[in-house]
Amino acid sequence: MAAKLLTVTLMALLTPAIVVGQSMGDRFISRIAKDDVDGDGKLTKDEFTGPDRLFGQLDTDGDGVLVLKDAAASLAKIRSRMAGANANSSERDMDQSPREALRRRMQQRQMQGQRRARPEPDFANVRYGEHERHVFDVYLAETDSDEPAPCMIWIHGGGFRRGDKSEGALFANAFTEMGIHYVSINYRLSQHAIAPACFEDCTRALQTIRANAEKWNLDKTRIAMGGGSAGAGLSQWIAFHPDQADRQSDDPVSRESTRVSALILLNAQTSYDYRWIKEHIPGEAWKGDGLQQLFGYDIDRANEISDEKHQLIEAYSPIELLTADDPPIRMFYRRSSDPAIAEANAMDGIHHPIFGFELKKKADRLGVDCEVQTVESTRDMMAYNRRWDVAVDFLKEQFAGDER
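For reference, each letter of the sequence shown is one residue, going -21 to -1, 1 to 383 in mature numbering (1 follows the signal peptide of the UniProt record, and there is no 0).
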């Protein structure tokens, strides 16, 4: 009862201020309510099962205790500031050099007195196309070296119908502090244009980033991609697809490669084919509205779906494209591998680790390095909440290999 009342209270506090990542806020509220086992409205660091980085951001007075209603309000303020920073980005951001941008960021941190403060992009709303959502944010690596640094590209989730690149700012520091540039991209949602629009958008964004590598001191030979849910699928599709560079194009961006060094995936679907999902995932995840809107079909009239539509769905289902020369993969799921949870809840089904395990089966046959991490215990949840440390270590290994 206490947890339920706490959730209602926190939702009331957050509702006016949340401008992006509504589903992420819901998950945060639900999680911290569950952490408060004794129902006193407070959490110590030992009780908090989230990442240390987030606890530090929300513990504004530094006393080692989160008052939950204050933590919820702090989270709302952080999101509001991030949305405002993106909306008010200036031409100065586009004109400054990487070294000037990094210096400005470090000065801001010194003024704030917070090493772990959520960063603003060094280059905000960089355009890669004509649509309003054809933009990405660049966060520069913190390094004293003049050598080009590797890059991690993040694609947000949201069922192809919602979400924003600002969500990626939550963990930008995990990469930039370790010498890895970080880019978070937007793409057209399915209400703007159905598939293959979003896949083409993310491909173009990657090529645009490579085309500007010298401007941002980025090593275009060491680029990784990743994302959560829908973003994970978009990342896979690009990584598993043959190189889409058009070497004969008059457009220099189109001549850039689309191959990447590694993949970091959260709660990923590995197929978007409702027939495949129905066969492999218990429950009714295969009926998902998001997939119907993405590809433009009505599941209640499945017998009328054309062969051409089925071919399109297959062509944009990542698992169909995996080959032996594809990059290594790390997959993290915030769910148990128990198939029963998929049958009980379609949302758990569409994010179930079975997707990952099926990809791993094929990867193992092909000799592609693929690991899947699930949450079966409290200890596993703590490991999941420290996934960025694991991801960064993994990327550094891959990037070191690419240097050789």
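C-beta: ideal position from N, C-alpha, C; glycine also.
Residue of the options minimising C-alpha distance to residue i
{"i": "Trp367", "options": "Pro231, Glu109, Asp327 and Met310", "result": "Met310"}
{"i": "Asp348", "options": "Phe336, Ile308 and Tyr312", "result": "Ile308"}
{"i": "Gly335", "options": "Gly212, Phe373, Glu287 and Leu345", "result": "Gly212"}
{"i": "Ala148", "options": "Glu263, Asp116, Asp317 and Ala176", "result": "Asp116"}
{"i": "His289", "options": "Tyr312, Tyr251, Ala319 and Glu263", "result": "Tyr251"}
{"i": "residue 423", "options": "Ala55, Thr302, Asp125 and Pro175", "result": "Past the edges of the chain, shown from -21 to 383, lies residue 423, and the structure says nothing about it."}
{"i": "Ser145", "options": "Ala52, Glu99 and Glu293", "result": "Glu99"}
{"i": "Leu300", "options": "Lys341, Asp317, Gly328 and Tyr276", "result": "Lys341"}
{"i": "Asp327", "options": "Lys339, Gly346, Leu45 and Val354", "result": "Val354"}
{"i": "residue 394", "options": "Ala52, Phe373, Ala55 and Cys177", "result": "Outside the displayed span of the chain (-21 to 383) sits residue 394, for which this structure offers no information."}
{"i": "Glu193", "options": "Cys130, Ala55 and Glu350", "result": "Cys130"}
{"i": "Gly206", "options": "Gln227, Arg365 and Gly137", "result": "Gly137"}
is_contact[residue i, chain C] using C-beta, thresh 9 Å
{"i": "Met360", "result": "The chain inventory of the structure shown lacks chain C, comprising one protein chain alone."}
Buried versus exposed call for residue i [16 or more other C-beta atoms within 10 Å across all chains shown]
{"i": "Lys13", "result": "exposed"}
{"i": "Gln244", "result": "For the sequence presented, residue 244 should be read as Leu rather than Gln. Buried, by the Cβ-count rule."}
{"i": "Thr155", "result": "buried"}
{"i": "Pro221", "result": "exposed"}
{"i": "Gly267", "result": "buried"}
{"i": "Gln377", "result": "buried"}
{"i": "Ala50", "result": "buried"}
{"i": "Gly262", "result": "buried"}
{"i": "Ala184", "result": "buried"}
{"i": "Asp286", "result": "exposed"}
{"i": "Gly346", "result": "exposed"}
{"i": "Gly380", "result": "exposed"}
{"i": "Glu283", "result": "exposed"}
{"i": "Arg201", "result": "buried"}
{"i": "Ala281", "result": "exposed"}
{"i": "Gln91", "result": "For Gln91, the pLDDT reaches just 49, beneath the cut-off of 50, and the residue's location in the model is therefore unreliable, although a value from the coordinates is still provided. Label assigned to Gln91: exposed."}
{"i": "Ala319", "result": "exposed"}
{"i": "Asp230", "result": "exposed"}
{"i": "Asp304", "result": "exposed"}
Residue i and residue j closer than 9 Å at C-beta
{"i": "Gly108", "j": "Asp225", "result": "no"}
{"i": "His331", "j": "Ile278", "result": "no"}
{"i": "Ala128", "j": "Asp19", "result": "no"}
{"i": "Ala209", "j": "Ile134", "result": "yes"}
{"i": "Trp255", "j": "Ser214", "result": "no"}
{"i": "Ala323", "j": "Ile333", "result": "no"}
{"i": "Thr237", "j": "Thr182", "result": "yes"}
{"i": "Asn196", "j": "Asp143", "result": "no"}
{"i": "Val239", "j": "Asn165", "result": "no"}
{"i": "Asn246", "j": "Arg167", "result": "no"}
{"i": "His171", "j": "Arg112", "result": "yes"}
{"i": "Pro77", "j": "Ala218", "result": "no"}
{"i": "Ala241", "j": "Phe373", "result": "yes"}
Residues near residue i in its chain [Cβ-Cβ closer than 7 Å; skip 5 each side]
{"i": "Tyr253", "result": "Trp265, Leu270 and Ile278"}
{"i": "Lys257", "result": "Trp265"}
{"i": "Glu337", "result": "Thr249, His259 and Ile298"}
{"i": "Lys339", "result": "Cys349 and Val351"}
{"i": "Ser235", "result": "The question names Ser, but residue 235 in the sequence shown is Glu. The residues are Gln186, Arg189, Ala190 and Ala224."}
Beta-carbon proximity list for residue i, same chain, < 6 Å, skipping 5 on both sides
{"i": "Ser169", "result": "Phe139, Arg140, Gln272 and Leu273"}
{"i": "Ile132", "result": "Val162 and Met204"}
{"i": "Val232", "result": "Gln186, Thr187 and Ala190"}
{"i": "Gly158", "result": "Ala120, Thr122 and Ala128"}
{"i": "Ala151", "result": "Pro98, Tyr118 and Tyr161"}
{"i": "Ala370", "result": "Ile243"}
{"i": "Ala316", "result": "The amino acid at residue 316 is misidentified as Ala; the sequence shows Ser. Taken in chain order, the residues that qualify are Pro332 and Thr353."}
Cβ-based neighbour list, residue i, same chain, cut-off 8 Å, excluding 5 preceding and 5 following
{"i": "Ala153", "result": "Arg32, Trp367, Asp368, Ala370 and Val371"}
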